[in-house]
Amino acid sequence: MNERRRNWHLWLGFLLCLVGFVSYLPLARFPLTRDVPWVSYLFFAAGLFSLGIGLSRAFGRPEQFRGKILAPVLSLLGLLVVGMFCFFIFHAAKQLPRSARSPQVGQRAPDFSLLDANKETVTLAALLTTPLLAGSQKAPKGVLLIFYRGYW
Amino acid sequence: MRPVAISVDSPEASRDLCKKARYTYTFLSDPNAEVIRRYDLLHAGAGENGHDIARPAEFLLDASGIIRWVNLTDDLRIRMRPEEAIRQAQKLL
Chain A
103 MNERRRNWHL WLGFLLCLVG FVSYLPLARF PLTRDVPWVS YLFFAAGLFS
153 LGIGLSRAFG RPEQFRGKIL APVLSLLGLL VVGMFCFFIF HAAKQLPRSA
203 RSPQVGQRAP DFSLLDANKE TVTLAALLTT PLLAGSQKAP KGVLLIFYRG
253 YW
Chain B
-10 MRPVAISVDS PEASRDLCKK ARYTYTFLSD PNAEVIRRYD LLHAGAGENG
40 HDIARPAEFL LDASGIIRWV NLTDDLRIRM RPEEAIRQAQ KLL
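Protein sequence lines, in the order shown, are assigned to chains A and B. Residue numbers for the first sequence follow this note's numbering, so the first one is 103 and each next one is one higher. Residue numbers for the second sequence follow this note's numbering, so the first one is -10 and each next one is one higher.
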């Protein structure tokens, strides 16, 4: 009996799924690849396609190819990777409060008084009137308040 | 236009961040999330160890303190693009 051939499509497919997942971490820094994770989708499509080939070879032509055990295992793992990615993109990342009572366009921004990085007290009123450049007399044209999650 | 960052980070944490990232604009510390609550931006328990933190949000105010543009993302991944804020700020001039 002939030696059956290695079913390398299974490994390639699983690897492509992994790369699709991991590649999003650096790509999330750039809006073009962040907002729609199309690079990951391409890797996933290629990976699942390759796993499909591996599966059909393992079960369709078992006399030629190995992988009857490996095929379902790697396919499930590949699907799990894709599933975790989709869970994050379509569900976890969207769990934000609605903020329905936030101040709206046209309203006056509520004043506040907070410490800055030098532990000096800063009010919104001061931010609106203090010149941007030392020595200048001109108040800024506007203030952009950026609330962010911080590094706790 | 003056950018101002607000989070629950301590002044020390903000100072370290500014030093590391070479930010020169104002960072404000709201450790008890009082202002964050006043702006209805509290994301309860979403920080490390279940800390209350701010959800990402941007407000552009004109020189008189009136809000002219609000950006409330509904997706953590999708944040304000700086060029969008600059475009909005240019409308104030």
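Think of the CB as a built atom: it goes at the ideal place given N, C-alpha and C, for glycine as much as any other residue.
- Between A:A194 and the set B:R76, B:E1, B:Y12 and B:I67, the nearest pair of CA atoms involves B:I67.
- Note that the C-beta distance between A:L112 and A:L176 is below 7 Å.
- With respect to chain B, the C-beta atom of A:R106 has no partner C-beta closer than 7 Å.
- The count of Cβ pairs closer than 8 Å, one atom from the region 153 to 168 of chain A and one from the region 219 to 236 of chain A, stays below three, leaving the stretches out of contact.
- Taken atom to atom, the span from the alpha-carbon of B:S(-4) to that of A:G180 is near 38 Å.
- Against chain A, a Cβ distance below 7 Å from B:R76 picks out nothing, because the smallest value is about 12 Å.
- Between the alpha carbons of A:G185 and B:R27 lies a distance of about 38 Å.
- For B:N60, the secondary structure class from DSSP, reduced to helix, strand or coil, is strand.
- Taken through DSSP and simplified to helix, strand or coil, B:F16 comes out as strand.
- When 9 Å is used as the limit between beta carbons, A:P205 is near these residues of chain B: R27, Y28, D29, F48, I56 and V59, in chain order.
- Around the beta-carbon of B:R(-9), 16 or more other beta-carbon atoms lie within 10 Å, marking it buried.
- Taking C-beta separations shorter than 6 Å and ignoring five residues to either side along the sequence, the partners of B:I25 in its chain run D19, L31 and A43, following chain order.
- Excluding residues up to 5 positions away in sequence, I42 lie with their Cβ nearer than 6 Å to the Cβ of B:A35 in the same chain.
- Scanning its chain for C-beta atoms nearer than 7 Å, with the 5 sequence neighbours on each side dropped, one finds around A:L118 the residues F145, A148, G149 and S152, in chain order.
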